[in-house]
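Scroll down for the structure; my scribbles are underneath it.
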Amino acid sequence: MGLKFKVGITLIILCFLSFHNSNGQDKPKEETKWYDSFTIRGYIQARYNRLFETNSKLKCEQCDKSWGENGGFFLRRARLVFSGQIGKQVYFYFQPDFASSSSSTGLNFGQIRDAYFDIGVDSKNEYRFRIGQSKIPYGFENLQSSQNRLPLDRNDALNSALSNERDLGVTFYWAPEDKRKLLASVVKEGLKGSGDYGVFAFGVFNGQTANKPELNNTLHMVSRFSYPFEIGNQILEPGIQGYTGKFVMPEDQLSPGVKYISDRNYTDKRMAASFVLYPKPFGIQAEYNVGKGPEYNKLNDSVEVKNLQGGYVTLSYLMRKNDQIFIPFTRIQYYRGGKKHELDARSYKVNELELGIEWQPLKQFELVAMYTFSSRRFEDNIKRDNLQEGNLLRLQAQLNF
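Residue 15 is where the sequence shown starts when you use my numbering, and the numbers rise one by one after that.
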C-alpha cells in the first residue's frame, strides 16, 4: 500500500505540473505598446561661410541664405525626429525644423518638414503606402538626409525640382525584405545612404512643394526605380526616376509688370538617372536630369516654359583611424534652367567645384570644411544681367543625438 500510495501521489504532482505549464504556454503574449518602439533623435547644424570670400554678392537662395554680404554665423538646421513602429504594419514619422526662415529678416521659426505614416499591405511590409507630407522620390541626393550628405548643400540641378524635397501626397513603395535590410545597413554603417525608399515607387502629390497650398486641380505623378546590390565587398545602386504635372506660379512670386501665362499653370516635368557606388572605401555618386519647367526670359521680360538640364558627380574616400572617421570629397556640378519656387522662376546657369573633408572625431559630432569655386548667373525681373563669380571657405559643425 505504501508503494502504490507514493506512485499515485507522484502521478498527481506530474499531472498538475504538466497542466500548469500548458496553461502558462497558452496564455496570450502581452501586446507591444506603441511607446515601446517610439524613438526621438535629431541633429543641429551651425555654419560660417565668410572665410576667404572673394565676392560678397555671390549668393545661393535655395541652398544657404547666409552666403555673401550680411551673412554671419547661421543655424542651417535644428531638427527633432519622432518616429516609431506603432503597430506591426503601421509606422509614423514626424520631423519639425526649428531653423526655418519666415522672411528675409525672420530666422529660426518652427516648421513641419515631415508628417507621414506608412501602412503595410503585407506582414513583412514589403508593400506599403506612405500618406502625408514626405520626400518625393525623385533623385538620390534629394532623398539623402542632410545629416548624412557630404557637400553642405544639395546640387542645384535636381534640387531645383522640389523646394525642401517634400510635398503632400500618397506614395506606394515596394522592396523585398533583403533589399530593405541592405538599404538600412548602408546608413547604419555610415556609408552615406539615402534610407529605405523602396526598389519601386509610384506616387501622386500636390506639386506646389512642402508647406504650400494646392493651387490647381491637377496632381503631379512621380515614379522611381532603384536597385541596390552587392558585388564582392562593394555596394552599388543605379536608379531612374521621373515626374510630371502642372506647377502654378504663385502671384506673390511674380514681379509687377512681368509677363506670364494667364492661368499661371506651367508644364513641370523631369526625368533623371542616378548611380551610386558606396564608399568602401572609394565612393562615387552621380546624377543627371533633363526636363521642362517655368523659367524667366530676360529678353522679353516673361516667365515661359523652357528646357532645363544639369547634374553632378561627387567622389569620396572613407578612412577610419582608431575611432575617428575622415572623408575627403569633391563635387562638380552644372545646371541650366529655372527655379520655379523663386521670384519670377529665376533663370540660372551654375558651374561649381567643391573640395572638402568631413571629420567625425566622435559619433555625436562632425566637422566639415569645404572650399567652393562658384560661377552663378541668376536673373529675374529685378536683376536682368547678374553673373556672380567667386570663391569661399565654408565650415559646418554638426551635433547628432
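Just so it is clear, CB atoms sit at the ideal spot from N, CA and C, and this is done for glycine as well.
Remember, it's a predicted structure, so these values are computed and weren't measured experimentally.
query                                                                                              : result
N-terminal and C-terminal residue of the alpha helix (DSSP H) that A198 is part of                 : 191–202
Secondary structure of S97, DSSP reduced to three states                                           : strand
Short Cβ contact (7 angstroms threshold) for G209 with V200                                        : no
S177, DSSP secondary structure in three states                                                     : helix
Boundaries (first-last residue) of the alpha helix (DSSP H) holding N225                           : First-last for N225: undefined, no H or E at that position.
Enclosing alpha helix (DSSP H) for N156 [first to last residue]                                    : 154–157
R90 vs Y57 beta-carbon contact at 7 angstroms                                                      : no
Beta-carbon proximity list for S361, same chain, < 6 angstroms, skipping 5 on both sides           : E309, Y310, G352, E393
Supposed close pair F96, F112 - CB separation, criterion 8 angstroms                               : With a Cβ gap of about 13 angstroms, F96 and F112 do not count as contacting.
Assigned secondary structure, Q161 (DSSP; H/G/I helix, E/B strand, else coil)                      : coil
Entirely enclosed beta strand (DSSP E) segments - the segment 304–333, minimum 3 residues          : 316–331
Nearest residue (CA-CA) to P190, options F243, I249, F379, Y105                                    : F243
Run of the beta strand (DSSP E) containing L376, from where it starts to where it stops            : 361–376
Nearest-angstrom Cα separation, counted from S276 out to Y257                                      : 24 angstroms
Cβ contact (3+ pairs, closer than 8 angstroms) linking the segment 335–355 and the segment 167–182 : yes
Element boundaries [beta strand (DSSP E), containing R408]                                         : 401–414
Per-residue DSSP class, three states only, for Q76                                                 : coil
Beta-bridge partners of K273, as assigned by DSSP                                                  : S316
Inter-residue spacing [alpha-carbon to alpha-carbon] between E228 and P110                         : 21 angstroms
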